[in-house]
Structures are given as structure tokens and as C-alpha cells.
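Residue numbers (mature numbering (1 follows the signal peptide of the UniProt record, and there is no 0)): -26 to -1, 1 to 216.
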């Protein structure tokens, strides 16, 4: 084969590969050292300020910070535009597991193991600093083998009771809503790392496994967690290269 022809074939192959590169190639896959969940509501007077803490924490290396809006205060006159029943169920599960007397907002949950009010930033920072990092959990990889699919690959580990594998899509934001009624009437509320949907795709009991589901965008996170709002074992997430 002639050298020039070889070069043209290689160039054509390279162009073909680039044409099918998934958007995930423009993202970095991060292993989380801490997972911080904020339960918030557009009908909560302290929540607009508390929402910003997710943006602050989420910008730090190794911190997966997520916003879960809930409809706990809808009866006050404004229906939260992002609240979902799945988020409410997750909030309730933490209340039972962490023995919280009733649900409240703004609430932070750290690694599924501890919780506190998000009203005081200094205390929230101290809690994050004191939270033991996730360790000894399996490796988690997130890829997009096709443009409309997401694959989650989980490595092996010590045999254990089955844990839940959650896939979450989230928008880094800020996503802004203008509230026209209720206690936050005439306020603009920003949301950061706003969860758009959650899906329990299966379980993990120590063996290597993978799952596929529909496209997870604009960003994707995977959380391996003990059932019923238990402790988080491992987590990974995408972050676009900006």
C-alpha cells in the first residue's frame, strides 16, 4: 500500500471516529469524596439563600452537591415548579433513617449519614469538613456508548447485602425562577446542580455489573446507597469541561 494512501485512510478513519464521539468525551468523570444533598422549596423563606451553598460546595473537587426541590410548603400559596414525588420520597426516607422529627427545609444531608439545617453557612462548611470521605466503595464509570444512551459500570468489591444504584440527571445552573405568590412573592430564586430526575436502575452486591438507560444530561451522577435512605457507599458524576 502506498504511503500517501495509508495517510488518507488513517485521516478518514480519524474523521469517522470524531463524527461519532459522544458528548460525554467533553466531560470529566469525577469520583465523589462527599455527596451533599439539599432539600429546598421555592415556598421557604430561608431557602433562596441556602440554595447558593450547593453552587459553592459543588464547585469544589470531589464534592457532588445536588438540589432536590420538594413540595412541602406548596399549601402556602406557591407550588414549587421543580418538586417531584420521587424527591419527596427520598426526603421522607432520610427523615426515617436519620431519625429526624418531621421534614423541613432547607435541609442538608451528607453522605446519607448525617443532616443539618442549611440556614447557617459556617455550620454547613464545618459539617462538610468533618464528614468522613467516601472510602472503600467500588469504582463507578459513566459513559455514553451511543448518543441517546448512558452506561454505568460498577467495579467489584467485598460481598455485601444489595445496595441501590441510582442514576440522576442534574443541571449545574443557575436555573432561575421568578416567584409570583406565597412567602417569596416577587423574588427570583436560583437553583444550582438541580436534579431533574432520579432512577433506581438496579442493585449492587459486590460483583462487577453494568446498567444502561436513556440519556442522562446535561450532567449525570451515579450514587450507590444502602436501601431506604441509607448510607452512601460510592458515587461518581460528570462535569463539563468549561
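We treat Cβ as the ideally placed atom computed from N, Cα and C, and that holds for glycine.
From which residue to which residue does the beta strand (DSSP E) around residue i run?
i	result
residue 26	Note, residue 26: premise wrong, no beta strand (DSSP E); alpha helix (DSSP H) at 21 to 32.
residue 88	88 to 91
residue 174	168 to 178
residue 208	206 to 214
residue 13	8 to 14
residue 196	193 to 199
residue 78	It is not in any beta strand (DSSP E) - residue 78 carries neither H nor E in the DSSP assignment.
residue 42	37 to 43
Compare the Cα-Cα distances from residue i to each of the options and report the closest residue.
i	options	result
residue 158	211, 53, 4	53
residue 78	138, 65, 85, 71	65
residue 217	143, 153, 118, 92	Nothing about residue 217 can be reported from this structure: the residues present for the chain run from -26 to 216 only.
residue 50	166, 18, 33, 146	18
residue 147	6, 15, 5, 40	40
residue 192	20, 200, 201, 168	168
residue 61	186, 173, 129	173
residue 206	20, 111, 160, 179	111
residue 102	115, 114, 72, 87	87
residue 202	177, 27, 21	177
residue 29	95, 59, 48	95
residue 180	59, 71, 137	137
residue 141	160, 117, 13, 100	117
residue 204	194, 139, 213, 155	139
residue 109	115, 145, 131, 89	131
residue 129	114, 119, 32	114
residue 90	186, 194, 14, 213	14
residue 199	100, 76, 42, 71	71
residue 218	22, 10, 135, 47	Only positions -26 to 216 of the chain appear in the structure, and residue 218 is not among them; the question remains open.
residue 122	213, 8, 186	186
residue 119	184, 106, 56	184
residue 213	46, 37, 133, 63	37
residue 155	55, 23, 42	55
From the DSSP output, in three-state form, read off residue i for me.
i	result
residue 154	coil
residue 97	helix
residue 105	coil
residue 48	helix
residue 185	strand
residue 165	strand
residue 203	coil
residue -4	Model confidence at residue -4 stands at a pLDDT of 40, short of 50, so the residue's coordinates are unreliable; what they give is reported in the following sentence. DSSP places residue -4 in helix when its eight states are reduced to three.
residue 4	strand
residue 159	coil
residue 56	coil
residue -23	Confidence in residue -23 is poor, its pLDDT being 48 and thus under 50, which makes the residue's placement unreliable; the coordinate value appears in the next sentence. DSSP places residue -23 in helix when its eight states are reduced to three.
Over the uninterrupted alpha helix (DSSP H) stretch that includes residue i, give me the two end residues.
i	result
residue 62	59 to 71
Since I believe residue j is in contact with residue i (beta carbons under 8 Å), could you give me their beta-carbon distance rounded to a whole number of angstroms?
i	j	result
residue 166	residue 25	6 Å
residue 68	residue 83	5 Å
residue 189	residue 124	6 Å
residue 98	residue 27	6 Å
residue 153	residue 161	5 Å
residue 170	residue 144	6 Å
residue 58	residue 151	Incorrect: roughly 15 Å between the Cβ atoms, too far for contact.
residue 6	residue 209	4 Å
residue 85	residue 8	6 Å
Which runs of the beta strand (DSSP E) fall wholly inside the region 117 to 157 and span at least 3 residues, in chain order?
123 to 128, 137 to 145, 149 to 153
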